[in-house]
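The sequence shown begins at 1 in the UniProt record's numbering and counts up one residue at a time. Just so it is clear, CB atoms sit at the ideal spot from N, CA and C, and this is done for glycine as well. Contents: one structure, followed by commentary.
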Amino acid sequence: MATGPPSAFPWASSLITRAWINRRLPHPNAATSSAASPGGSASDLRESLSLQGNQGRMAEIFDKMKVEFVDQDESVQVIADNICETGEVPERYVRSEIKADPVIVNAEALGGFFQLVNHGLDGGLLQQIKVDITEFFSLPLEDKLAVAIPPNGIQGFGHHFVFSKEQKLDWVDMLFLATRPVEERSLAFWPTKPSTLRDTLDKYSLELANVSAQLFKFMANNLGVNQEALLGIFKGLPQSMRINYYPPCSQANKVLGLSPHTDGVGMTFLLQVNDVEGLQIRKDDKWFSVKAIPGALVVNIGDALEILTNGQYKSIEHRAVINPVKERITIATFLSVNLGCTIGPFQELLKTGEARYKVLDSVEFTKGYFAAKLEGRRYLKSLKLGI
1 MATGPPSAFP WASSLITRAW INRRLPHPNA ATSSAASPGG SASDLRESLS
51 LQGNQGRMAE IFDKMKVEFV DQDESVQVIA DNICETGEVP ERYVRSEIKA
101 DPVIVNAEAL GGFFQLVNHG LDGGLLQQIK VDITEFFSLP LEDKLAVAIP
151 PNGIQGFGHH FVFSKEQKLD WVDMLFLATR PVEERSLAFW PTKPSTLRDT
201 LDKYSLELAN VSAQLFKFMA NNLGVNQEAL LGIFKGLPQS MRINYYPPCS
251 QANKVLGLSP HTDGVGMTFL LQVNDVEGLQ IRKDDKWFSV KAIPGALVVN
301 IGDALEILTN GQYKSIEHRA VINPVKERIT IATFLSVNLG CTIGPFQELL
351 KTGEARYKVL DSVEFTKGYF AAKLEGRRYL KSLKLGI
């Protein structure tokens, strides 16, 4: 059992994990308002965002990517139900490479991922979002298809990231939404059933925006870079959510919930909706299972932060595996760079060494990430210099 935080995150010693600590994450405005609520009010965040500007424009990023996706109208949940009758997994879902991958049970001491506890998120809100998301995936298929992903789209319900008709498919149904900035939301993709879901997602999105702003400040202090410079890269705190439903599969050793990949963002927060585990991270060609702490947010560093920190923080390859008898449901929330920024190592971090990564604008970065088809660390490696 790890007794301290990963060495890559010394700034996190007051924030994280199991025995790695139980202090409440302070409100971003705690210095001026000790009575502020744990997650912060809507007016607090709006004031913060108005000062930072609101140019994340997630929907605009998606529109400019021009990455084509092949239509895939199958529901994995329906396929999983059919397997009970046929006993066979469709060939497009069979992943022969799984058997060769060694897996180690405990991943708590590895860097790149940490678990945030006593984060200040409202417990009632967390319980409500778990209830709402579970109810959404329990709806008849026609209700979920009311917010289906359109052809070559990226938001909505369905089977995402299908780049070709020959591609092996992940054993998951997803609901993907651009959640912040608020004015960039495409509400046509926000479910109206259950009736409380939209409001719950809105409140959860706000609270995570407060948490992410605070974490970025801790990171800036740890790195020795200007807080405003780091926050400027994430101006407006652009945010999206991918809500995942992994049906059980009696032949779980043949399928993958999510293919191995890194996240092409700054930071990702993962909330376990139920108690079924499945997250694994890769290090030294071995897979390590992550045991989620009840009530914690699993946080991982994305590609953008690895580049910005010149490799001091690492984006870790990860995947999702399937339980043979139980469904698994999670909510992944992504904090992305803003549309108008340039991504490259901070100059303050180059005083004792050379830049290890290319410099590119955020639209080019995002488009390249999806064009690389989410294949492990391939895209991040392509941006390294001197290789």
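Check the DSSP bridge columns for residue i and list the partner residues they point to.
| i | result |
| --- | --- |
| Ser75 | Beta-bridge pairing links Ser75 to no other residue. |
| Asn210 | Paired residue(s): none; Asn210 is not in a bridge. |
| residue 400 | Only positions 1 to 387 of the chain appear in this structure, which leaves residue 400 out of reach. |
| Arg319 | Gln280 |
| Phe113 | Asn300 |
Rounded to whole angstroms, what's the CA-CA distance from residue i to residue j? Just pull it up for me.
| i | j | result |
| --- | --- | --- |
| Glu161 | Thr196 | Residue 161 is actually Phe in this sequence, not Glu. C-alpha separation (whole angstroms): 28 Å. |
| Ser240 | His318 | 19 Å |
| Arg92 | Leu256 | 11 Å |
| Ala148 | Pro194 | 16 Å |
| Arg356 | Ser382 | 11 Å |
| residue 443 | Lys144 | Past the boundaries of the shown model lies residue 443; the chain is included only from 1 to 387, so the question cannot be answered. |
| Ala372 | Leu258 | 15 Å |
| Gly236 | Thr192 | 26 Å |
| Ile129 | Ser315 | 28 Å |
| residue 444 | Val225 | Because residue 444 is not part of the residues shown, which for the chain are 1 to 387, the question remains open. |
| Thr309 | Pro140 | 45 Å |
| Leu208 | Leu121 | 8 Å |
| Phe176 | Ile154 | 7 Å |
| Gln115 | Ile301 | 12 Å |
| Tyr379 | Tyr369 | 6 Å |
| Ala80 | Ser250 | 9 Å |
| Val94 | Lys254 | 5 Å |
| Phe163 | Pro260 | 15 Å |
| Ser34 | Gln227 | The pLDDT assigned to Ser34 is 28, lower than 50, so where the model puts this residue is not dependable, and the model offers no usable value. |
| Val182 | Ser96 | 42 Å |
| Tyr313 | Glu354 | 16 Å |
| Glu142 | Asp303 | 36 Å |
Which residues in the same chain have their Cβ closer than 8 Å to the Cβ of residue i, if we skip the five residues on either side of it in sequence?
| i | result |
| --- | --- |
| Thr342 | Val359, Leu360, Asp361 and Ser362 |
Between the options, which lies nearest to residue i when the distance is taken from Cα to Cα?
| i | options | result |
| --- | --- | --- |
| Ile133 | Glu375, Arg356, Glu183 and Asp173 | Asp173 |
| Ser205 | Gly257, Glu91, Ser250 and Leu126 | Leu126 |
| Leu201 | Ala178, Lys217 and Met219 | Ala178 |
| Gly340 | Gly386, Phe365, Gly124 and Leu385 | Phe365 |
| Asn118 | Leu231, Cys249, Val298 and Asn82 | Val298 |
| Arg180 | Lys351, Thr352 and Thr333 | Thr333 |
| Met219 | Arg185, Phe189, Pro238 and Leu305 | Leu305 |
| Asp284 | Glu142, Ser164, Arg377 and Leu223 | Arg377 |
| Phe157 | Phe163, Glu166, Ala146 and Leu385 | Ala146 |
Can you give me the Cβ contacts of residue i inside the same chain, cut-off strictly under 7 Å, excluding the 5 residues immediately before and after it?
| i | result |
| --- | --- |
| Thr330 | Asn244, Leu270, Leu271, Gln272 and Val273 |
| Glu135 | Pro194 |
| Phe234 | Phe216, Gly266, Leu335, Val337 and Asn338 |
| Lys203 | Leu125 |
| Ile307 | Ile343, Gly344, Pro345, Tyr357 and Leu383 |
| Glu74 | His159 |
Taking 7 Å as the line, does the beta carbon of residue i fall inside it for any heavy atom of the ligand ZN?
| i | result |
| --- | --- |
| Trp171 | Among the components of this structure there are no ligands whatsoever, and the ligand ZN is therefore not found. |
Can you find the residues in the same chain that come closer than 6 Å, C-beta to C-beta, to residue i, ignoring five residues on each side of it along the sequence?
| i | result |
| --- | --- |
| Arg198 | Trp190 |
| Val325 | Pro248 |
With 8 Å set as the bound, which would you pick, yes or no: does the beta-carbon of residue i sit closer than that to a beta-carbon of chain C?
| i | result |
| --- | --- |
| Leu360 | Any reference to chain C falls outside this structure, which holds one protein chain only. |
Could you tell me whether the segment 239-253 touches the segment 286-297, using the rule of 3 or more Cβ pairs below 8 Å?
no
Cβ pair count under 8 Å reaching 3, the segment 260-270 against the segment 206-217
yes
Segment contact, 8 Å Cβ cut-off, at least three pairs: the segment 275-291 with the segment 312-326:
yes
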